Structures are given as C-alpha cells and as structure tokens.
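Q:
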Amino acid sequence: MCGIVGYIGKKNSKEVILKGLSRLEYRGYDSAGIAVHSNGINQLKTSGKVADLDAKCIKEKLPKSSIGIGHTRWATHGIPNDTNAHPHQDITRNFTLVHNGIIENYLTLKKYLAQNGIECKSDTDTEVLVQLISYIYNKDKISFEESVRYALMKVVGAYGIVVLCGDEPDKIIAARHGSPLVFGIGDSEFIIASDTSPIIEFTRKIVYLDDAELVVFTRDDYYVKSILENHIILKTVNEIQFSLNQIEKNGYDHFMLKEINEQSNSIAESMRGRIIIDEGRIKLGGLQEAIQDILNAKRIIITACGTSWHASLIGSFVIEELVRIPVNVEYASEFRYRETIVGPDTVLFAISQSGETADTLAAIKKAKSLGALTIGVVNVVGSSIARETDHGVYIHAGPEIGVASTKAFTSQVTVLNLIAILLAQAKDRNIKEVANLVNDLKLLPEKVELILKQSKKIKSIADNYIDAENFLYLGRGYQFPVALEGALKLKEISYIHAEGYPAAEMKHGPIALIDENMPVVFIVNEKGYEKIISNIQEVRARGGKVIIVTSIDQEELHEYSSHVIHVPSIHQCILPILTTIPLQLLAYYLAKAKGCDVDQPRNLAKSVTVE
Ligand code: M6R
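Counting along the sequence shown from 1, when you hit position 530 you're at 1888 in my numbering, and nothing is skipped either side.
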C-alpha cells in the first residue's frame, strides 16, 4: 500500500516522480504529495489523485529540481486530507519524508516528542518519524545518515521510507523494514520506488533493498548499509524482467479489461516450458529439490489472502484429489496469530500475486521460525515473498495493474495444477487421470479465447442488473471457490453486496434473502449436477433471478434461468479457470455501467503491505 518514488539525477525530478506515482497509483490513491530540493525543501500535497497533485504543481509553480521524493497514499492513520498526505516535514522544515507501512509505537514516540516540546500537526504515524529524525539530528549534532539510522532503531513496525534533508541537498536516504523498496541504477541517476514500474523507463538495472537496510544516494554513487550494525552491504544488481509495453493500457479502457483479455496468453506463459510434451511430465525448476520433502511432509498448508486464497482452495482440492495428501488452506492473517500445529515436517505454500502482502509474508516467517519448509507461488519476480521462501514457482502472468486480480488468479490455479501433477507423477498416483489433465491443460488457452468471444453477450446480461443491490453466487465442489471469487470481484469493483456460498449451504440461511430482487449466479458442473438443479429450483420457487455459468449443454438449464453463459468443457480440476472468466467480465461490465472507477476502486489498494 502507498506508492513511493525518490529521484536524484539530471532530469526534472517532478516529471519523473509524478509519472512514477501514476504508475504506482494502484497501491493507493486517496492523496498524493511531492517534495523537491530547490533553495530549501519545496513541498506540495493534496487529497485526491496524482492528477490533482500534477494540477497543483502547475498552479503553484513547483520549482525545477533534480532531486525529490513523492508519495501516493492509502490511508491508515488519519483521514485522507492535505495535512495527512505525505511527505511529512519536521518542525524545523529541514527534513521531509515519505513512508509506506505502519509505525506501531508511534503513540509512545509522539508522547516522547511532546515531552521534549515537539507537537505533531497530522494524525499520521509517519510524522512522528520525521520529527524524531530531526530531534536526534539537532540534539546529538550527528549527520543526516546517522540521525535516520538512530531514529529507525527506535521504531517498531513496518516501513519503507525515503528522506530528504535541507542541509544536505545532494543526498537521498531510503530504508526498509517490512515494506518493499527497490532502486534503479541509471546513467548518473538513481530512482527508488515501491516497485519496479516507475523505474523501467530509466533503466533495467535494479537492486532490491532487504529488511533492516538503508541506502544513501549521492549524485554519482550509492551505498547500502545495515541499520543495526552500520556496516556496508554489497548488493546484487538484477535485471527487470518485463517490458514497458506490459504496464500500459494498450488501447483498453481499463487495465482490468486488458488483463481479463490477456488470459489465454498469461495462462500459456504460466505453462511455457513446464510440460515436457513427449513424456507428458511436468518440470518446475524451483520445486525440483523440494519434491521429496513435500511428499514426506506430515502437513501441507497453503496460505494466502483474498483472491489468492480462493486459488489456494482450488489448489488444495486438486492436490488432495490427485496426490492424496491432506492439505489445509489458511487465511494468512489468521494463521499467523493462531496456535497452529507447524513444525519441521510441515510444508507451507504461500500464494501471492504481488509477493508483498504483509499477512502472507508474516505467515511465512512464522512457519519458517517453527522449522517448516516454505514454498512461494508468486507473480512479481524478486518480490519479498519470492525472496523469503525456501523454494518457489513464479506464475509468470506478467504485470497485473488492475486492483481486482484476474489473470493472476487463473495463472495461480494453472500453476497449482502443475504442482499437483508434478507431485502425483513423483508418487506414481492416478497416472491415467493425470495424463488426461495434462492433455486438457494444453487446450486451456484456446478455450479461454472462446469465452472471451462472449464478452458482448456478458455485457448485455450485466446491463439487466445495474440496479441490483445484492448478488448471491453458488457453486459446489470445484465451483465453490469460483462462487467466492465471483462475489469478491463484484463487490470490490461495483460496490454491489455479494456473497459466495457452497450451493447446498443456501438452505441453511442465505435462502432467507431470496426474493424477486435477488440475482443468483449458479456455477454448474457435472459433479453434483442433479443436486444443484434442485438448488436452482429452490431459488426460482422464491422468485430469485437465476444466471447460470456452465460447461454443460442441457436444454433444461435455459428453462430454469434468465441467462446461461456456456464455457467449453474441460477436466474438472481446471474448469474453475474457465468458469471464473465470465464472472470477471460480469463484474467488470456491471461496475463500468454503474460508472465505478474499475481500476482504482474505493478504499482498496493492489498490494496490501500493512496488517
Ligand atoms: O498480492 P496478493 O495475491 O498477495 O494479494 C492478496 C489480496 O490482497 C488480493 O487478492 C485482493 O483480494 C484482490 N483485490 C482481489 O481482487
């Protein structure tokens, strides 16, 4: 959450920072701010989006400068207004700072500062840190760098920060603990940001900052230090793996629509080079050394949040069906605080698009500390989860910018199927079934295309439900997680209240909600067909409007519903990939018709780096 950019070089930093912030806006978009060095620190902030900040910079003539920092906020402490927007300045106006994360002991620090005559102006946790840096600097008469380091040693919580000091106008200091920061090394320029998207235009050479590290940039050099031990750390320079084109809208109205339409390609990318065609075997380089440990494990846990949790649930069903090993799926936010039974004979899979989700990262750290083997299934290359886990498989879906996750979900399910097949093959289990699944996996991209061709039809279905206030999504077996995912997509971008349930659970409560105003989406597959037909009848008997998404070609389904969306049939383990796509489109067209901000839905952020 929150996007940070810092720049030092030869260019006008305002241009670099505002462009960078607009690329990071998916991380938070309730307020934005910028500070540049030009005869002291010049700073502008505003509630609203980066475009509002841009307008303010023009109106108030922000001076040209080749060094500056910027921020786009997702509020934690304090409402989104101009005062609470970042950057935050100390009372002497010598320091200014942008921050992503939460300073958990900010009230203690605030009290300490107040006792020493320093009152904070904002409601944020962040301001406390900049005041503390300034207080230490003035009291102890030590350098900018040392003041930042000492202040950070007093902080409990998570931070990614970038700081400017008026007394040292040719320097930027950044530090990280728990919130991501990466910097790009250009030609006599450095750019530091929350992720690589603002960097790619300037350089492909990047360095990931690790926890408890601080970096100092001068005009032509940089060094990384340990915050605690104060020694120099030699960092590896990596290459950005994606192209600029992949993070542009390329003519689509929204990133979400672009990403939905990319799915036949992103799924193919997730499988590329991983199915050995002649043998029908699966090869996942990052898992090779872990296979025996997984098969010998007493407990397998999959942990994740949100959409990634839904993909995990499908993954657990597939592993249990094909490999016959019990798998538990845990919300990372619950797992980390529960007295879970985890030990050296546990394998923990962590599924995450961003690779930065704070709860998932904390769950991994907890499992590791208890001796478990950890495996990441991640999209963003070089992300914290990818680096924290013992082994891993990238899903290779390509950059996902839309806040509502779409192509990452279908790639996660694809890769979890590959993992299950790999394990089943290593165990010599369900050989025939597995061979059928491998054959069907190869057909996925073309079948996805057939669904995308129905976009117009799905849009016209959506047009009927613009005034709906609630939706119910029901599915059985493999389609139950799809029901959860369909409901999540709808509520997060259209703000229509929606719930996903196992279809048979409806009669245990949710049926009370059904009347002629309640659209109910049934995801119907072969297993349990007769049973789900009964559930459909129960909804019809109470006047509910039925929408069916199905791979089954049965005339009666048209009779029982207002709309039927057909998807091609395929092995049941990967059918959720196909049945989810119409639900993504339904949510998209409903949100669009309602005039909602599809790519930046209210209150949300793409990468949830706070607890
Ligand atoms: O990056 P992650 O996969 O770890 O993110 C997990 C959730 O925050 C994420 O899936 C969220 O639920 C999305 N907004 C869903 O569209």
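Built from N, CA and C at the ideal position, the CB exists for glycine as well.
Note that the structure is a prediction, hence the values are computed from the model and not measured.
1) For Gln1489, count neighbouring C-beta atoms within 10 Å of its own C-beta (all shown protein chains included) and say buried if the count is 16 or more, exposed if not.
2) Starting from Phe1675, trace the beta strand (DSSP E) in both directions and tell me its first and last residue.
3) Taking C-alpha atoms, which residue in Leu1572, Val1573, Asp1553 lies nearest to Ile1605?
4) Between the region 1777-1794 and the region 1917-1926, do at least 3 Cβ pairs fall closer than 8 Å?
5) Got a list of residues with beta-carbon closer than 5 Å to any non-hydrogen atom of ligand 1, in chain order?
6) Relative to the C-alpha of Glu1827, which residue among Ile1872, Ser1813, Tyr1859 is closest?
7) If you compare alpha carbons, which of Gly1536, Gly1518, Val1573 is closest to Ile1543?
8) Near Ile1491, what residues of its chain come up, given a Cβ to Cβ distance below 6 Å and the 5 sequence neighbours on each side ignored?
9) Counting pairs of Cβ atoms below 8 Å between the region 1947-1957 and the region 1623-1635, do you hit three or more?
10) Tell me which same chain residues have a C-beta within less than 7 Å of the C-beta of Gln1770, skipping the five on either side of it?
11) How is Glu1843 classed by DSSP in three states: helix, strand or coil?
12) Taking Cβ positions, are Val1925 and Leu1936 nearer each other than 8 Å?
13) Since Gln1599 and Val1773 should fall inside the 8 Å C-beta cutoff, what is the C-beta to C-beta distance between them, to a whole number of angstroms?
14) Please classify Pro1860: does DSSP put it in a helix, a strand, or coil?
15) DSSP has Ile1425 in a bridge; who is on the other side?
16) Given a threshold of 16 other Cβ atoms within 10 Å of its Cβ, counted over all protein chains shown, does Gln1401 qualify as buried or as exposed?
17) Taking 8 Å as the threshold, find out whether the region 1679-1694 comes into contact with the region 1715-1732 through three or more Cβ pairs.
18) Buried or exposed: Gln1942, going by 16 or more other Cβ atoms within 10 Å of its Cβ?
19) Using the Cα positions of Phe1560 and Lys1368, report the straight-line distance between them to the nearest angstrom.
20) What does the alpha-carbon distance come out to for the pair Val1904 and Ile1425?
21) According to DSSP, is Thr1454 helix, strand or coil?
22) Give the straight-line distance between the Cα atoms of Glu1383 and Ala1551, rounded to the nearest whole angstrom.
23) Tell me whether Gly1835 is buried or exposed, calling it buried when 16 or more other Cβ atoms sit within 10 Å of its Cβ.
24) What are the start and end residues of the beta strand (DSSP E) that includes Pro1803?
25) Taking the beta carbon of Ser1405 as the centre, do at least 16 other beta carbons fall within 10 Å, making it buried, or is it exposed?
26) How many angstroms separate the CA atom of Leu1801 from the CA atom of Glu1807?
27) Do you know how far the Cα of Thr1715 is from the Cα of Ala1570?
28) Measure the beta-carbon distance from Glu1896 to Ile1869 and round it to whole angstroms, keeping in mind my assumption that it falls under 8 Å.
29) Which residue's Cα is closest to the Cα of Val1878: Phe1829, Tyr1493, Ile1851?
30) For the region 1435-1444 and the region 1480-1487, state whether three or more C-beta atom pairs, one from each stretch, are separated by less than 8 Å.
31) Report buried or exposed for Leu1465, applying the criterion of at least 16 other Cβ atoms within 10 angstroms of its Cβ.
32) Going straight from the alpha carbon of Leu1944 to that of Asn1608, what length do you get?
33) Quick one: what does DSSP say Thr1940 is sitting in, helix, strand or coil?
34) Can you tell which of Ser1741, Asn1883, Glu1485 has its C-alpha closest to the C-alpha of Leu1832?
35) Please go through the region 1758-1785 and give each complete alpha helix (DSSP H) segment of 4 or more residues, from N-terminal end onward.
36) Is it right to say Ala1413 is buried, meaning 16 or more other beta carbons lie within 10 angstroms of its own, or is it exposed?
A: According to the structure shown:
1) Here residue 1489 corresponds to residue number 131 of the sequence shown, with the count starting at 1. With 16 or more other Cβ atoms within 10 Å, it is buried.
2) One-based indexing of the sequence shown puts residue 1675 at position 317. No beta strand (DSSP E) holds Phe1675; the alpha helix (DSSP H) holding it covers 1664-1681.
3) Residue 1605 sits at position 247 when you count from the first residue of the sequence shown. Cα-wise, what sits closest to Ile1605 is Asp1553.
4) no
5) Cys1663, Gly1664, Thr1665, Ser1666, Ser1710, Gln1711, Ser1712, Thr1715, Ala1762, Ser1763, Val1966
6) Numbered from 1 along the sequence shown, position 469 holds the residue referred to as residue 1827. Nearest C-alpha to Glu1827: Ile1872.
7) Reading the sequence shown from its first residue, position 185 is the one you call residue 1543. Selected option, being the one with the closest Cα: Val1573.
8) Locating residue 1491 in the sequence shown gives position 133, counting from the first residue. Here the set comprises Phe1453, Ser1505, Val1506, Ala1509.
9) no
10) Start at 1 with the first residue of the sequence shown, and residue 1770 comes out as number 412. Once the five neighbours on either side are set aside, the close Cβ partners of Gln1770 are Ser1666, Ala1669, Ile1709, Val1735, Ile1753.
11) In the sequence shown, the residue the question calls residue 1843 occupies position 485. Residue state, collapsed to three classes: helix.
12) For this step, residue 1925 is matched to residue 567 along the sequence shown. For this step, residue 1936 is matched to residue 578 along the sequence shown. Result yes, Cβ atoms of Val1925 and Leu1936 sit closer than 8 Å.
13) Locating residue 1599 in the sequence shown gives position 241, counting from the first residue. Locating residue 1773 in the sequence shown gives position 415, counting from the first residue. Your pair Gln1599 and Val1773 does not check out as a contact, with CB atoms roughly 17 Å apart and the cut at 8 Å.
14) Locating residue 1860 in the sequence shown gives position 502, where the first residue counts as 1. Here Pro1860 sits in strand by DSSP.
15) On the sequence shown, position 67 is the one that residue 1425 refers to. Per DSSP, Ile1366.
16) In the sequence shown, the residue the question calls residue 1401 occupies position 43. It counts as buried.
17) yes
18) Here the question's residue 1942 lines up with position 584 in the sequence shown. Gln1942 comes out buried.
19) Residue numbering aside, residue 1560 sits at position 202 when the sequence shown is read from its first letter. Residue numbering aside, residue 1368 sits at position 10 when the sequence shown is read from its first letter. Their Cα atoms are separated by approximately 12 Å.
20) On the sequence shown, position 546 is the one that residue 1904 refers to. On the sequence shown, position 67 is the one that residue 1425 refers to. Rounded to whole angstroms, Val1904 and Ile1425 show a C-alpha spacing of 58 Å.
21) The sequence position of residue 1454 within the sequence shown is 96, counting from 1. DSSP places Thr1454 in strand when its eight states are reduced to three.
22) As a first step, residue 1383 is located in the sequence shown; it is residue number 25 there, counting from the start. As a first step, residue 1551 is located in the sequence shown; it is residue number 193 there, counting from the start. The straight-line gap from Cα to Cα measures roughly 12 Å.
23) Reading the sequence shown from its first residue, position 477 is the one you call residue 1835. With 16 or more other Cβ atoms within 10 Å, it is buried.
24) Stepping through the sequence shown from its first residue, residue 1803 is reached at position 445. Unbroken run through Pro1803 is the alpha helix (DSSP H), 1789-1810; no beta strand (DSSP E).
25) Working through the sequence shown from its first residue, we reach residue 1405 at position 47. With 16 or more Cβ atoms within 10 Å of its Cβ, Ser1405 is classed as buried.
26) Residue 1801 sits at position 443 when you count from the first residue of the sequence shown. Residue 1807 sits at position 449 when you count from the first residue of the sequence shown. If you take the alpha carbons of Leu1801 and Glu1807, they lie about 10 Å apart.
27) In the sequence shown, counting from the first residue as 1, residue 1570 sits at position 212. In the sequence shown, counting from the first residue as 1, residue 1715 sits at position 357. So the two alpha carbons sit approximately 18 Å from each other.
28) By one-based count along the sequence shown, residue 1896 stands at place 538. By one-based count along the sequence shown, residue 1869 stands at place 511. Contact between Glu1896 and Ile1869 holds, with the beta-carbon distance rounding to 7 Å and staying under 8 Å.
29) Along the sequence shown, read from residue 1 onward, the residue named residue 1878 stands at position 520. Nearest C-alpha to Val1878 among Phe1829, Tyr1493, Ile1851: Phe1829.
30) yes
31) Walking along the sequence shown from the start, residue 1465 turns up at place 107. With fewer than 16 Cβ atoms within 10 Å of its Cβ, Leu1465 is classed as exposed.
32) Along the sequence shown, read from residue 1 onward, the residue named residue 1944 stands at position 586. Along the sequence shown, read from residue 1 onward, the residue named residue 1608 stands at position 250. If you take the alpha carbons of Leu1944 and Asn1608, they lie about 22 Å apart.
33) Along the sequence shown, read from residue 1 onward, the residue named residue 1940 stands at position 582. Note on residue identity: the sequence assigns Pro, not Thr, to residue 1940. In this structure, Pro1940 counts as helix in the three-state DSSP scheme.
34) To locate residue 1832, count along the sequence shown from 1; it is residue 474. That would be Asn1883, whose Cα lies nearest to the Cα of Leu1832.
35) 1765-1785
36) The residue labelled residue 1413 in the question sits at position 55 within the sequence shown. Label assigned to Ala1413: exposed.
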